[in-house]
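> The structure follows.
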Amino acid sequence: MYEFGHSDIYTRRSNASNTQFLEFISEGASICPNDLDARDAAHARARRSTRTMRAVMSARAIGARVDARARDGATKGRRARTTTTTTGRRARTTTTTTTMALPTTRGHARACACGACATYASARGAAGATRARRREAVVAGAARAANANASAAATPFVWKGANLVPLAASVGVGLVVNFIVPRPEAVVPQAWALLSIFLSTICGLVLGPLPVGAWAFVGLTTAVVTKTLSFQAAFGAMTNDVIWLIVLAFFFARGFVRTGLGDRVATMFVRALGKSTLGLSYGLTISEALLAPAMPSTTARAGGVYLPIITSLAKQAGSEPGPTSRKLGAFLVQTQLQSSGHSSAMCMTAAAQNLLSLKLAASLGIIVASPWITWFKAACVPAIIGLLVTPLLVYKLYPPEVQSTPDAPAEAAAKLKELGPLSQDELMVVATMSITVFMWIFQPFGIAPVVAAMFGMSLQLISGVISWAECLNEKGAWDTLLWFAVLIGMSGQLNALGFIDYLSTTVAGALTAANLAWPQVMLLLHGCYFSIHYLFASQTAQVAALSTAFMAMMMAAGAPPILVGLTMAFHTNLFGGITHYASGQSACYFGAGFVELKDYFRIGAICGVANVLIWLVFGGLWWKVIGLY
169 MYEFGHSDIY
179 TRRSNASNTQ
189 FLEFISEGAS
199 ICPNDLDARD
209 AAHARARRST
219 RTMRAVMSAR
229 AIGARVDARA
239 RDGATKGRRA
249 RTTTTTTGRR
259 ARTTTTTTTM
269 ALPTTRGHAR
279 ACACGACATY
289 ASARGAAGAT
299 RARRREAVVA
309 GAARAANANA
319 SAAATPFVWK
329 GANLVPLAAS
339 VGVGLVVNFI
349 VPRPEAVVPQ
359 AWALLSIFLS
369 TICGLVLGPL
379 PVGAWAFVGL
389 TTAVVTKTLS
399 FQAAFGAMTN
409 DVIWLIVLAF
419 FFARGFVRTG
429 LGDRVATMFV
439 RALGKSTLGL
449 SYGLTISEAL
459 LAPAMPSTTA
469 RAGGVYLPII
479 TSLAKQAGSE
489 PGPTSRKLGA
499 FLVQTQLQSS
509 GHSSAMCMTA
519 AAQNLLSLKL
529 AASLGIIVAS
539 PWITWFKAAC
549 VPAIIGLLVT
559 PLLVYKLYPP
569 EVQSTPDAPA
579 EAAAKLKELG
589 PLSQDELMVV
599 ATMSITVFMW
609 IFQPFGIAPV
619 VAAMFGMSLQ
629 LISGVISWAE
639 CLNEKGAWDT
649 LLWFAVLIGM
659 SGQLNALGFI
669 DYLSTTVAGA
679 LTAANLAWPQ
689 VMLLLHGCYF
699 SIHYLFASQT
709 AQVAALSTAF
719 MAMMMAAGAP
729 PILVGLTMAF
739 HTNLFGGITH
749 YASGQSACYF
759 GAGFVELKDY
769 FRIGAICGVA
779 NVLIWLVFGG
789 LWWKVIGLY
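For the sequence shown, the working numbering begins at 169 and goes up steadily by one.
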């Protein structure tokens, strides 16, 4: 930086061109008026010292930025300090300009009090502070790296992958079947290898070494890597229409939940029937039965619609999870859980496992004409009886402490008033689902159920009821797509390779040798199918894994095919509440914390057996009337 404030300095500049002056300065010369003679010494020291030269160059860069401001200030100073002296007829003007000079040495800079040296000292101090900060940062970074390395060395290795014990058990089952259990001569080696992988996959779904989707992917990869299945055969089930219908069911359920339509329907029934605790349970049960055909996801109905309503009603009655749960909350949770099995079994589109059951039955040659109507006709009588009996049964087995809820209708009415009239989105859900259900029931122009669902979903996307981003965020749907496809694909390949036929013939022969008629065989196998579900954490998983084999064994014993296909599909819904992990809706309700685990198993076992008996006795009589056998 330069300080013009002394006449001799100004004279020097006046005698030199601008170019020469800049060259003079660039050589490191000082023009400070307090120490003009020291410039040569400073220049020499600057040449000898790299550090000093860097400081001078830094100061020079600062000076270049300040030079323009100095010139402007000098010009203003000339104008301000110009004095005029008149001698006779001539006038002489004397101008004094201020500039700043570079100091010659660091010692001089410390001793000199001129503006140039002060500015230079400030610049050098800032540069020194910057270098100090950089050195500190480097040292700190090195220290952090050293500490991290030391910490990594000191921290023991932690396995973050699959649960090792379930993993070992699941893989061990497949290895034992493939390499130790003797292969029957009637079973080809490829079918036996696929069976081992299939059983290992099923064990993994039960034991849970990985999430179900991830484990299914591992099983599918194993089948491809071992060349048990080709890539095309392994992934062929991805195009299965039933799987995509199940995925679309997740999207429909999100529309009901997001718009609040499901909540509105349930609240209307609470207003109508909620004066007593038992009436309140019937109101919730009936409303779910009406919503189920258009909302084909039991988990979404439980977690998105009914659990929030139950929690709110229980809280109003002073019932919270814990000591006060038996006042109202525990009763409503168990009633809704056990009744949902009948709601899901009443209509083909009320649950994902229903669609899957019919698809697997079709793979065995069981073709149900007009499936929606045929299903409803066969299921309506036992389902309605079950919906009427279950709340009363739970009321006797697990009575609530609060017997009357006189405030519930008023609260429901207030909530409906707050909701106001049907919103535009709710109206669109009503319209699109009405069209979809109509197409499911009557199948105009031969439109398949999955195509009807695609059409309804397209209408909701176009109308903005649900966005594509919401569909993409529906992780449960995409996870289901993967592991359903894996299980269905493996089951289909086992059937194609002849293993299912071999198994059904062998078991049926053994049962026939025991002089059991087909009704007895059906009862025995249905009992086994029910008991096995204590090992499964998903209804759909059990359907995919076992229903094909069980249906084949029943038909091999002489049971009517249509009766076999429908009863197996009905049965799959009836054990959804026997444990806290038996189904998606069961897990949702248990997570609310109202019901103790021991009560879950006790009430679940009693109600599960009661459900089976209702469908066996009343359903069996009704099926005889309509000609299923």
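Glycine included, C-beta positions come from ideal geometry on N, C-alpha and C.
For the pair the segment 397 to 406 and the segment 651 to 659, tell me if three or more CB-CB distances fall below 8 Å.
With a cut-off of 8 Å, the segment 651 to 659 and the segment 397 to 406 count as touching, because enough Cβ pairs lie within range.
> From which residue to which residue does the alpha helix (DSSP H) around Gly451 run?
Numbered from 1 along the sequence shown, position 283 holds the residue referred to as residue 451. Per DSSP, Gly451 belongs to the alpha helix (DSSP H) from 445 to 459.
> Could you say if the segment 463 to 470 and the segment 514 to 526 meet the contact criterion of at least three C-beta pairs nearer than 8 Å?
Verdict: yes, contact present.
> So who's on the other strand from Ser572, going by DSSP bridges?
On the sequence shown, residue 572 is found 404 positions in, with the first residue counted as 1. In DSSP, Ser572 forms a bridge with Ser444.
> Please state whether the Cβ-Cβ distance between Phe419 and Met625 is less than 7 Å.
On the sequence shown, position 251 is the one that residue 419 refers to. On the sequence shown, position 457 is the one that residue 625 refers to. The answer is yes: Cβ separation under 7 Å.
> Under a three-way DSSP split, which group does Arg351 fall into?
The sequence position of residue 351 within the sequence shown is 183, counting from 1. Correct three-state label for Arg351: coil.
> Here's the rule: buried if 16 or more other CB atoms are within 10 angstroms of the residue's CB, otherwise exposed. What is Lys395?
For the purposes of this step, residue 395 is taken as residue 227 along the sequence shown, with counting starting at 1. Answer is exposed; the Cβ neighbour count stays below 16.
> On the premise that Ala737 lies in contact with Thr532, defined as a C-beta separation below 8 Å, what is that separation, rounded to the nearest angstrom?
Position 364 of the sequence shown, counted from the start, is the residue given in the question as residue 532. Position 569 of the sequence shown, counted from the start, is the residue given in the question as residue 737. Before going further, note that residue 532 is Leu rather than Thr in the sequence given. About 13 Å separates the two Cβ atoms, so there is no contact after all.
> Given a cut-off of 7 Å, decide if Pro334 and Gly387 are closer than it, judged by their beta-carbon atoms.
For this step, residue 387 is matched to residue 219 along the sequence shown. For this step, residue 334 is matched to residue 166 along the sequence shown. Contact: no.
> Which same chain residues end up closer than 6 Å to Thr435 when comparing Cβ atoms and leaving out the 5 residues on each side of it in sequence?
Within the sequence shown, the letter at position 267 stands for residue 435. Excluding positions up to five away in sequence, the list reads Ala580, Lys583, Leu584.
> Straight-line CA distance for Tyr697 to Trp327?
Within the sequence shown, residue 697 is the residue found at index 529, counting from 1. Within the sequence shown, residue 327 is the residue found at index 159, counting from 1. Using only the alpha carbons, I get a separation of about 37 Å.
> How big is the Cα-Cα spacing for Val802 and Ile615?
What is shown of the chain runs 169 to 797, which leaves residue 802 out entirely.
> Check whether the segment 550 to 565 and the segment 746 to 760 touch, using three or more Cβ-Cβ pairs below 8 Å as the test.
No: fewer than three Cβ pairs fall under 8 Å.
> Which ranges would you report for the alpha helix (DSSP H) in the segment 336 to 408 if only whole runs of at least 4 residues count?
The segment 336 to 408 contains these whole alpha helix (DSSP H) runs: 357 to 375, 380 to 393, 399 to 403.
> Count the other C-beta atoms from every protein chain shown that fall within 10 angstroms of the C-beta of Cys515, then say buried if there are 16 or more, exposed otherwise.
Stepping through the sequence shown from its first residue, residue 515 is reached at position 347. Classification for Cys515: buried.
> I need the boundaries of the alpha helix (DSSP H) containing Gly533, first residue and last residue.
Your numbering for residue 533 matches position 365 in the sequence shown. Here Gly533 belongs to no alpha helix (DSSP H), and DSSP marks it neither H nor E.
> So for Trp686, helix, strand or coil by DSSP?
Numbered from 1 along the sequence shown, position 518 holds the residue referred to as residue 686. Reduced to three states, the DSSP call for Trp686 is helix.
> Among the candidates Gly430, Trp383, Ser699, Gln504, whose CA atom is the shortest distance from the CA of Cys756?
Stepping through the sequence shown from its first residue, residue 756 is reached at position 588. Comparing Cα positions, the closest option is Gln504.
> Does Cys515 come out as helix, strand or coil in the three-state DSSP assignment?
Your numbering for residue 515 matches position 347 in the sequence shown. Coil, per DSSP.
> Just to confirm, does Met690 get its C-beta within under 6 Å of one of the non-hydrogen atoms of the ligand ZN?
Ligands displayed in this structure: none; no statement on the ligand ZN is therefore possible.
> Can you round the beta-carbon distance between Lys802 and Val410 to whole angstroms, since I take them to be within the 8 Å contact cut?
In the structure as shown, the chain starts at 169 and stops at 797, and residue 802 therefore has no counterpart that could be examined.
> With DSSP run on the structure shown, which of helix, strand or coil describes Pro729?
Walking along the sequence shown from the start, residue 729 turns up at place 561. Reduced to three states, the DSSP call for Pro729 is helix.
> Considering only residues of the same chain and omitting the five flanking positions on each side of Gly801, which have a CB-CB separation below 7 Å?
Any answer about residue 801 is impossible in this case: the structure gives the chain only from 169 up to 797.
> In three-state terms, what does DSSP make of Arg258?
Taking the sequence shown and counting its residues from 1, the one referred to as residue 258 is at position 90. At Arg258, the pLDDT of 40 sits below 50, so the modelled position is not reliable; the number obtained from the coordinates is stated separately. Correct three-state label for Arg258: strand.
> Would a C-beta distance cut-off of 7 Å place Gly430 and Leu459 closer than the cut-off?
Taking the first residue of the sequence shown as position 1, residue 430 is located at position 262. Taking the first residue of the sequence shown as position 1, residue 459 is located at position 291. Cβ atoms of Gly430 and Leu459: closer than 7 Å.
> Would you give the residue range spanned by the alpha helix (DSSP H) that Pro550 belongs to?
For the purposes of this step, residue 550 is taken as residue 382 along the sequence shown, with counting starting at 1. Residues 539 to 565.
> With 16 as the cutoff for other CB atoms within 10 Å, does Thr407 come out buried or exposed?
Counting from 1 along the sequence shown, the entry for residue 407 is found at position 239. Per the 10 Å Cβ criterion, exposed.
> Count the other CB atoms within 10 Å of the CB of Asn641; is the residue buried (16 or more) or exposed (fewer)?
Along the sequence shown, read from residue 1 onward, the residue named residue 641 stands at position 473. It counts as exposed.
> Would you call the CB atoms of Thr735 and Val711 closer than 7 Å?
Looking up residue 735 in the sequence shown gives position 567. Looking up residue 711 in the sequence shown gives position 543. Result no, Cβ atoms of Thr735 and Val711 do not sit closer than 7 Å.
> What did DSSP end up calling Thr492 once you bin it into helix, strand or coil?
Residue numbering aside, residue 492 sits at position 324 when the sequence shown is read from its first letter. Thr492 falls in the coil class under three-state DSSP.
> Check Phe802 in the structure and name its three-state DSSP category.
This structure does not reach residue 802, given that the chain is present from 169 up to 797, and the question cannot be answered.
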